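Note that the UniProt record's numbering numbers the sequence shown so that position 91 is 91, with each residue one more than the last.
Where a beta carbon is used, it is the ideal one built from N, C-alpha and C, also for glycine.
These figures come from a predicted structure and were not determined experimentally.
The structure under discussion appears below in the form of structure tokens.
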Amino acid sequence: MADELIFYTNPMSRGRIARWMLEETGAPYTTEILGFESSMKAPDYLAINPMGKVPAIRHGKTVVTECAAICAYLAEAFPDAGLAPTAEERGSYYRWMFFAAGPLEAATTNRALGFHTPADKSRMAGYGSYADVMDTLEKAVSASPYIAGNRFTAADVYVGSHVGWGLSFGTFEKRQAFADYVGRVTDRVASKRARAIDDEATEALQKSA
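The following block contains the structure:
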């Protein structure tokens, strides 16, 4: 019998990334929707993620948190979905997934919060500057159809989610290369299905509030 797969999330969170990845795998899973100031901070969930944040998954006895880690884990756990990298793709796959989890998120979050790295201190910041990050990402998404090459992988779920949200919320510069990339990676059945599920869940939460 396959290990049970449980997904802890809130549809108004980064859990949307993990939802998309779960839908891409085609694996059966159950969803537990948590409240930001209620069930996420309850002892039962803190035992799963002491940060008291979503998303998280429990696959049998294995617990995984952090969106990039969830995407990478699920790609390996369900190889038939074809979302893990080949030997040739592995370098770019991990390079850009970790770039998005590190420099990209840090640079865009700091900018959104009004923090700008002084030019003479840029070497202290892991991302250098916001401009460096945007230019680097533009080159990455322009080099090939998908972030690791000519084929969609789990890295596109993670990187594509960041780019899509950045364009939607104004934390990314509006560049054609970004829009083209998001269009490619989100025009997928699993992506559309995941959005529909979370949009419906969001509407239900808002009605019950």
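Subject >> Residue from I147, H162 and S13 whose Cα sits closest to the Cα of F172 >> reply: By one-based count along the sequence shown, residue 172 stands at place 172. Out of I147, H162 and S13, the CA that lies nearest to the CA of F172 is found in H162.
Original post:
How far does the alpha helix (DSSP H) with T171 in it reach, from first residue to last?
Top reply: As a working note, residue 171 is residue 171 in the sequence shown. No alpha helix (DSSP H) contains T171, which DSSP labels as neither H nor E.
Subject >> Cβ-Cβ separation, M21 to V157 (assumed contact under 8 Å), whole Å >> reply: To locate residue 157, count along the sequence shown from 1; it is residue 157. To locate residue 21, count along the sequence shown from 1; it is residue 21. The pair is a contact, with the Cβ atoms about 5 Å apart (cut-off 8 Å).
Subject >> Same chain only: Cβ atoms within 7 Å of S144, ignoring 5 sequence neighbours per side >> reply: Translated into positions along the sequence shown, residue 144 becomes position 144. Excluding residues within five positions, the ones whose Cβ falls inside 7 Å are N150.
Original post:
Between M97 and A72, is the Cβ-Cβ spacing less than 8 Å?
Top reply: Indexing the sequence shown from 1 puts residue 97 at position 97. Indexing the sequence shown from 1 puts residue 72 at position 72. Contact flag set, yes.
Original post:
Secondary structure at G114, three-state DSSP: helix, strand or coil?
Top reply: By one-based count along the sequence shown, residue 114 stands at place 114. Three-state result, G114: coil.
**OP:** Flag this pair as yes or no: are the beta carbons of A84 and A154 separated by less than 8 Å?
**Re:** If you number the sequence shown from 1, residue 84 lands on position 84. If you number the sequence shown from 1, residue 154 lands on position 154. Yes, the Cβ-Cβ distance between A84 and A154 is below 8 Å.
**OP:** Measure the alpha-carbon distance for K53 versus F36 and round it to whole angstroms.
**Re:** Position 53 of the sequence shown, counted from the first residue, corresponds to residue 53. Position 36 of the sequence shown, counted from the first residue, corresponds to residue 36. Going from the Cα of K53 to the Cα of F36 covers about 8 Å.
Subject >> Residue burial classification, S122 (beta-carbon count within 10 angstroms, cutoff 16) >> reply: Translated into positions along the sequence shown, residue 122 becomes position 122. Counting the other Cβ atoms within 10 Å of the Cβ of S122 gives fewer than 16, which makes it exposed.
Subject >> Nearest to Q206 (by Cα), restricted to the options M12, A148, E105 and F7 >> reply: Numbered from its first residue, the sequence shown carries residue 206 at position 206. Among M12, A148, E105 and F7, the Cα nearest to that of Q206 is on M12.
Subject >> Residue closest to S168, alpha-carbon to alpha-carbon, out of T108, N49, D135 and H116 >> reply: Counted from its first residue, the sequence shown places residue 168 at position 168. With distances taken between CA atoms, S168 lies nearest to T108 out of T108, N49, D135 and H116.
**OP:** Over the uninterrupted beta strand (DSSP E) stretch that includes I33, give me the two end residues.
**Re:** Along the sequence shown, read from residue 1 onward, the residue named residue 33 stands at position 33. Unbroken beta strand (DSSP E) run through I33: T30 to I33.
**OP:** Using the DSSP secondary-structure output, state which residues sit across from A56 in a beta bridge.
**Re:** For the purposes of this step, residue 56 is taken as the residue at position 56 of the sequence shown. In the DSSP secondary-structure assignment, A56 is bridged to Y8 and T65.
Original post:
How about the region 126 to 133 and the region 98 to 117: do they share at least three Cβ pairs that are nearer than 8 Å?
Top reply: Short answer: they touch.
**OP:** Check the C-beta distance from T31 over to T9 and give it rounded, since I have them as a contact under 8 Å.
**Re:** Looking up residue 31 in the sequence shown gives position 31. Looking up residue 9 in the sequence shown gives position 9. About 6 Å separates the two Cβ atoms, so the contact holds.
Original post:
Going along the chain, which residues of its own chain have a beta-carbon closer than 7 Å to the beta-carbon of N49, five neighbours each way excluded?
Top reply: By one-based count along the sequence shown, residue 49 stands at place 49. Correct list, in chain order: A56 and T65.
Subject >> Those residues which DSSP pairs with G73 across a bridge >> reply: As a first step, residue 73 is located in the sequence shown; it is residue number 73 there, counting from the start. The amino acid at residue 73 is misidentified as Gly; the sequence shows Tyr. Per DSSP, none; premise fails for Y73.
Subject >> Cβ distance (whole Å) where A148 is taken to contact E89 below 8 Å >> reply: Indexing the sequence shown from 1 puts residue 148 at position 148. Indexing the sequence shown from 1 puts residue 89 at position 89. Right, the Cβ-Cβ distance comes to about 4 Å (below 8 Å), so this counts as a contact.
Original post:
Residues bridged to G149 by DSSP?
Top reply: For the purposes of this step, residue 149 is identified with residue 149 of the sequence shown, where counting begins at 1. Answer by DSSP bridge pairing, in chain order: Y146.
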